[in-house]
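Presented below is the structure to which this report refers.
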Amino acid sequence: MLNKRYLPSITALQCFEAVTRHLSFTRAAEELNLTQSAVSKQVAQLEELLQHLLFRRVRRRLQMTPAGDLYLVEVRKILTQVEMSTHYLRSYGGDTEVLRVSTPPTFGARWLVPRLKGWRLRHPSIHLDLCSEQEADDLLQGRSDLAFYFGQGSRPGTESLKLFGEELVPVCAPGSLPDTSFTDPTQLTDLVLLQNASRPQAWHDWFDSQGYHTEHSYHGPRFETFYMCIRAAQVGCGVALLPRFLVEEELADGKLVIPWQHAMPSSDAYYLAYPEHSAEVPKVRDFVKWMLEQIDSPDTPQI
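Residue numbers for the sequence shown follow my numbering, so the first one is 1 and each next one is one higher.
In C-alpha cells form, the structure reads like this:
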C-alpha cells in the first residue's frame, strides 16, 4: 500500500509547478485562480513533506534550489501523466475510442506509419495512440491494446499474429567503399562494424553463416535503435547490419549500398499481439483486420 503520509496533493504539485514557471507566488496564484497566501501555504506544506527547501529568496527575487530543480522534473512527469490519463478516460466509451499501440521505434516509423494512411477515414471514431517505449508486460498490464514485436511465437496471455520475417544485409555509404572490391566478408571490419544494442550477436552470426570468423564481430560503436544505425551508416561512420526492408528506400536512392552480397534470414519474425480477452473487442478486431490487409500488399517482406 502507498503511504498517504508521503503523498502530496495534486493542488500542491500544481502550485509548485506554476511558481517554478513564474518565479512568483502572486502570478502563480493569478493563473490558478487562488490567493497568494493559498499558493504559498501549499508550497510550504510541500517543503515540509519533502524536508527540503524548493525556493529561496535572493535580493527580493525568488530562485529555485537544487532540490527544487530535481523535484520539478518528476512533478511535470506526474502532472502530464494525470492529464493524459484524464483525456483518455473522458473518451472511453464515448463516440471516440483510444487504441493504444506499441511498436519498436524504427519498425514503427519505417513500416507501420506508412501503412496507417487511410485508417482515419475508415475508422473516424478510433483514435490511434502510438508509443515506441515497450515493456514485456505492456499488454497484460493494460498499458497497450496491441503490440508489435520481434521475436519467436506468442507471449503468455496473448494472441499473436505472425506478420513476416526478415533478412539482414550489410549496408554502408557509397563513399565508404574502398577502390578495390572485397574478396571476403571479414574485410568489412576495415570499415568499422556498427553494432545494434538489441542484436548483439548479429555480426557474429552473419559471418558464421558464411563459414567465417573474426575477432572484431563485437567491436564498433553501439547504437540503441536501427534508425541510429541507418543514419550512422549514411554519414560514413561504418557498415551496419540491418533488416533489408527497413532500408529499401535508401538502397533505391543510392544513399546506401550493400558491400557484400550475403543476406542472412533471421530465425525470428515480426508479430502483432493483443490480450486473449481482447480478441472480440471491436477496435482491436478492426485494427487486426486492417493490418492483415496491409500484410497482403506486394511491398511487404515475404520471408
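We put the CB at the ideal spot given by N, CA and C, even for glycine.
What you are looking at is a predicted structure, and each value in this text was computed from that prediction instead of being measured.
request  = Just tell me which of Q261, S24, S267 has its CA closest to the CA of C172.
outcome  = Residue numbering aside, residue 172 sits at position 172 when the sequence shown is read from its first letter. Cα-wise, what sits closest to C172 is Q261.
task = Report yes or no: do three or more beta-carbon pairs, one from the segment 54 to 72 and one from the segment 34 to 42, lie closer than 8 Å?
result = no
ask   = So what's C229 in DSSP terms, helix, strand or just coil?
value = On the sequence shown, residue 229 is found 229 positions in, with the first residue counted as 1. Three-state DSSP puts C229 in a helix.
ask   = Beta carbon of P114: closer than 7 Å to some heavy atom of the ligand ADP?
value = In the structure shown, the ligand ADP is absent, as is every other ligand, since no ligand is present at all.
task = Can you check DSSP and say which residues form a bridge with F164?
result = Position 164 of the sequence shown holds residue 164. In DSSP, F164 forms a bridge with Y270.
ask   = According to DSSP, what are the bridge partners of F148?
value = For this step, residue 148 is matched to residue 148 along the sequence shown. F148 pairs with L272.
As assigned by DSSP and simplified to three states, the class of F182 = For the purposes of this step, residue 182 is taken as the residue at position 182 of the sequence shown. F182: coil per DSSP, three-state reduction.
request  = Could you tell me which residues DSSP puts in a beta bridge with V171?
outcome  = Position 171 of the sequence shown, counted from the start, is the residue given in the question as residue 171. Paired residues: A240.
key: As assigned by DSSP and simplified to three states, the class of R199   = In the sequence shown, residue 199 corresponds to position 199, counting from 1. DSSP places R199 in coil when its eight states are reduced to three.
key: Stretch pair the segment 183 to 194 + the segment 119 to 137: three plus CB contacts closer than 8 Å   = no
key: Candidates R155, P282, Q14: closest to Q45 by CA position   = Counting from 1 along the sequence shown, the entry for residue 45 is found at position 45. When only C-alpha atoms are compared, the closest one is Q14.
query = If you draw a straight line from the alpha carbon of N196 to that of E48, how long is it in whole angstroms?
reply = Counting from 1 along the sequence shown, the entry for residue 196 is found at position 196. Counting from 1 along the sequence shown, the entry for residue 48 is found at position 48. C-alpha separation (whole angstroms): 47 Å.
ask   = From what residue to what residue does the beta strand (DSSP E) around R61 run?
value = What you label residue 61 is simply residue 61 of the sequence shown in a count that begins at 1. Here the beta strand (DSSP E) through R61 covers 61 to 64.
query = From Q210 to E159, what distance separates their C-alpha atoms?
reply = Indexing the sequence shown from 1 puts residue 210 at position 210. Indexing the sequence shown from 1 puts residue 159 at position 159. Rounded to the nearest angstrom, the two C-alpha atoms are 36 Å apart.
key: Contacts around L191, its chain only, beta-carbon distance under 7 Å, and the 5 residues preceding and following it disregarded   = The residue given as residue 191 occupies position 191 in the sequence shown. Closer than 7 Å at Cβ, skipping near neighbours: C172, S176, G238, V239.
task = Assign D145 to buried or exposed, taking buried as 16 or more other Cβ atoms, counted over all protein chains shown, within 10 Å of its Cβ.
result = In the sequence shown, residue 145 corresponds to position 145, counting from 1. With 16 or more other Cβ atoms within 10 Å, it is buried.
query = So which of S125, E97, S267 has the shortest CA-CA distance to L168?
reply = Position 168 of the sequence shown, counted from the start, is the residue given in the question as residue 168. Minimum Cα distance to L168 is reached at S267.
Residues near V82 in its chain [Cβ-Cβ closer than 8 Å; skip 5 each side] = The sequence position of residue 82 within the sequence shown is 82, counting from 1. Within the same chain, V82 has close Cβ partners I10.
ask   = Leaving out the 5 sequence neighbours to the left and right, which residues in its chain are closer than 6 Å to S278 when beta-carbon positions are compared?
value = Taking the first residue of the sequence shown as position 1, residue 278 is located at position 278. Closer than 6 Å at the Cβ level, and outside the excluded window around S278, lie V284.
query = Is the Cβ-Cβ distance between E97 and H127 less than 8 Å?
reply = Position 97 of the sequence shown, counted from the start, is the residue given in the question as residue 97. Position 127 of the sequence shown, counted from the start, is the residue given in the question as residue 127. Yes, these two residues count as a Cβ contact at 8 Å.
Residues of its chain near W206, where Cβ-Cβ distance is below 7 Å and the 5 sequence neighbours each way are ignored = Mapped onto the sequence shown, residue 206 falls at position 206. If we look at W206 and ignore the five residues flanking it on each side, its Cβ neighbours are L168, L241, M264.
inquiry  = Does the structure place the segment 145 to 157 close enough to the segment 268 to 276 that three or more beta carbon pairs sit under 8 Å?
reply    = yes
ask   = Are at least three pairs of beta-carbons, each pair with one atom in the segment 103 to 113 and one in the segment 59 to 68, less than 8 Å apart?
value = no
query = Going by other Cβ atoms of all chains shown within 10 Å of its Cβ, with 16 needed for buried, is A252 buried or exposed?
reply = For this step, residue 252 is matched to residue 252 along the sequence shown. Result: exposed.
message = Residues in the same chain with beta-carbon distance under 8 Å from E276, minus the five sequence neighbours each way, listed in chain order, please.
response = Start at 1 with the first residue of the sequence shown, and residue 276 comes out as number 276. The answer, listed in chain order, is G157, T158, E159.
query = Among the residues of its own chain, which have a CB less than 8 Å from the CB of L32, if the five just before and after it don't count?
reply = The residue labelled residue 32 in the question sits at position 32 within the sequence shown. Answer for L32: Q14, C15, A18, V39, listed in chain order.
task = Could you round the C-beta distance between L79 and V288 to whole angstroms and report it? I think they count as a contact, below 8 Å.
result = Locating residue 79 in the sequence shown gives position 79, counting from the first residue. Locating residue 288 in the sequence shown gives position 288, counting from the first residue. In fact, because the Cβ distance is near 35 Å, the residues do not count as touching under 8 Å.
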